[in-house]
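Peer 1: The structure's right below; bear with me while I get my questions together.
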Amino acid sequence: MQCEICGREVSNLKKVRVGMALMNVCERCAHLGEEVHETRVETPRSTLPARRDEVRMPSEDLIPNYSEVIRGARERLGLSQEELAKRIKEKVSLIRKIERGELTPEEKVVRKLERELGIKLMERIEVPRMERKEIPQNLTLGDIVVVRRKGE
């Protein structure tokens with residue numbers, strides 16, 4: 001096994017608290033922290049696995065000139081702002097602000113406007129692929145941190 005501070009290969013490690021972290025260290029590095037003696041308490045395990053929330057990147061974005069496109073489509077259909085608001089079941093003030101470009105509509109409102117006016121307000125965006133960097137498996141805290149001795 002390997003010491004988490006210096007990386008030395010040893011057969012037996014001690015569990016030590018260094019700051020707020022619990023670490024498995026060799027005999028030489030044990031003085032850097034406070035030795036911990038654990039008593040194990042059996043806790044019942046949850047039957048449901050923990051949920052992992054996935055972060056989804058949006059694949060579509062609102063076009064930059066959405067306000068002009070909405071106003072133009074509404075006028076082409078001969079609708080007033082009040083009539084459009086009634087048709088999509090939203091407030092007239094919301095339509096006014098969207099057409100002036102003062103407010104960016106929520107996705108739900110965008111979908112209603114697209115359906116009612118027969119226009120496309122969302123454009124597909126390219127999501128760049130991120131490459132994973134390989135981290136060496138035998139990396140220890142000692143490889144990253146310089147340990148200062150007392151009195152230095």
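Numbering follows the working numbering, with no gaps: position 117 of the sequence shown is 117.
Where is the CB? At the ideal position from N, CA and C, for every residue including glycine.
Being a predicted model, the structure only gives us computed values, none of them experimental.
1) What is the residue span of the alpha helix (DSSP H) that V110 lies within?
2) Taking 8 Å as the cut-off, decide whether the C-beta atoms of V16 and V10 are in contact.
3) Grab me the residues of G142's own chain with a C-beta within less than 7 Å of its C-beta, minus the 5 sequence neighbours each way, in chain order.
4) Note down the Cα distance separating K120 from E107, rounded to an integer number of angstroms.
5) Using the Cα positions of R100 and E116, report the straight-line distance between them to the nearest angstrom.
6) Can you list, in chain order, the residues of its chain with a C-beta nearer than 6 Å to that of A73? Leave out the 5 residues immediately preceding and following it.
7) Name the two residues that bound the continuous beta strand (DSSP E) containing A85.
8) Considering only the alpha carbon of each residue, which of T140, V69, K14, I88 lies closest to E35?
9) Bridge partners of V18, per DSSP?
10) Exposed or buried, which one is M20 when buried takes at least 16 other CB atoms within 10 Å?
11) I'd like to confirm the pairing. Which residues does DSSP put opposite D61 in its beta bridges?
12) Identify whether E131 lies in helix, strand or coil by the three-state DSSP scheme.
13) Measuring only the C-alpha atoms, how far is I95 from L79?
14) Express the C-alpha separation of H31 and I144 in angstroms, rounding to a whole number.
15) Tell me where the alpha helix (DSSP H) around S154 begins and ends.
16) Mapping DSSP to helix, strand and coil, what is E35?
Peer 2: In brief:
1) 107–117
2) no
3) I5, C6, G7
4) 12 Å
5) 19 Å
6) L117, I119
7) Unbroken run through A85 is the alpha helix (DSSP H), 81–88; no beta strand (DSSP E).
8) K14
9) A21
10) exposed
11) E123
12) coil
13) 12 Å
14) 19 Å
15) This structure gives no information on residue 154, because the portion of the chain shown stretches from 1 to 152.
16) strand
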